[in-house]
Structures are given as structure tokens and as C-alpha cells.
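Here this note's numbering runs 1119 ahead of the position in the sequence shown, where the first position is 1.
Below is one structure, written out as C-alpha cells; comments come after it.
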Amino acid sequence: NWAEKNNILDKITFSANEPVTREEVALMLSNFIKSLDLNLETSNPALSYKDEESISQNAIEAVKLMKQTGIMNGRDDNTFDPKKPVTRAELATIIQRLTEFVSKSN
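This is how it looks when you write it as C-alpha cells:
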């Protein structure tokens, strides 16, 4: 309820029985960061993934923000794998980076 009320799930359609994809995580985190009304300082370059065209239109800006903030990165082969499920290890790393990003922004 909280996530829906705060627009964290905006532009996301998923099922509770399906794995969460990398682009869905990017969207949720981007929406969360925006809900905090943080002054975003980004230092990494914009998108340049080999599979950029496979990122959903509604997730492009979120993926871009995740790359620019350093919260989410692509794969070693310069792909983002937007439709692949996020692994537990990836999510743990992402949450750690998000926590560090939010701490620096406050």
C-alpha cells in the first residue's frame, strides 16, 4: 500500500508470482529516489548498453538514472539485461549502493 500510495510502483505491472526484472527494479528505485525529492548528483555517463533497444520505453529514464548514480550497472559484456530477473546477490549490492547514495544526498 505504501509503495502504491507513494508512486513507487508507477509504470510497473508485475505479478506477485513472477520474478522482478532488472528494469522493474530500476523503475522502482528511480521512483523511490524521486519520492525522497533528493538533489540528484550524477557522475557516470548516460546509457550506452549494447541491448539498449530492449529496455522498455517506460524504463529508459530509470535505467539511465541508475547508471548515472552508480546504483545499478550493466553486465561485463556491456549489456543491461532488462528482462532478466534480478538475483539476490545483485539486489543486495543495489540496496547497499542505494543506501550509500541516499546518505550522501542528505
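Don't be surprised by glycine CBs; every beta carbon is placed ideally from N, CA and C.
Take leucine 1184, set aside five residues on each side of it, and the residues of its chain with a beta-carbon closer than 6 Å to its own are Ser1149, in chain order. Contact between the stretch 1204 to 1219 and the stretch 1174 to 1181 is absent: fewer than 3 CB-CB pairs across the two stretches fall below 8 Å. Among the bridge pairs identified by DSSP, proline 1204 is matched with Thr1140.
Excluding sequence positions up to five before and after lysine 1130, its CB lies within less than 7 Å of the CB of Leu1146 and Asn1177, all in the same chain and listed in chain order.
In this structure, the beta-carbon distance from serine 1173 to proline 1201 falls below 8 Å. Distance from the CA of valine 1221 to the CA of arginine 1141, rounded to the nearest whole angstrom, comes to 20 Å. The alpha-carbon of alanine 1122 is positioned some 10 Å away from that of serine 1154. In terms of Cβ geometry, serine 1224 and leucine 1128 do not form a close pair [threshold 8 Å]. Here DSSP, grouped into helix, strand and coil, assigns methionine 1191 to coil. For serine 1134, there are no CB contacts under 8 Å within the same chain when 5 residues up- and downstream are skipped.
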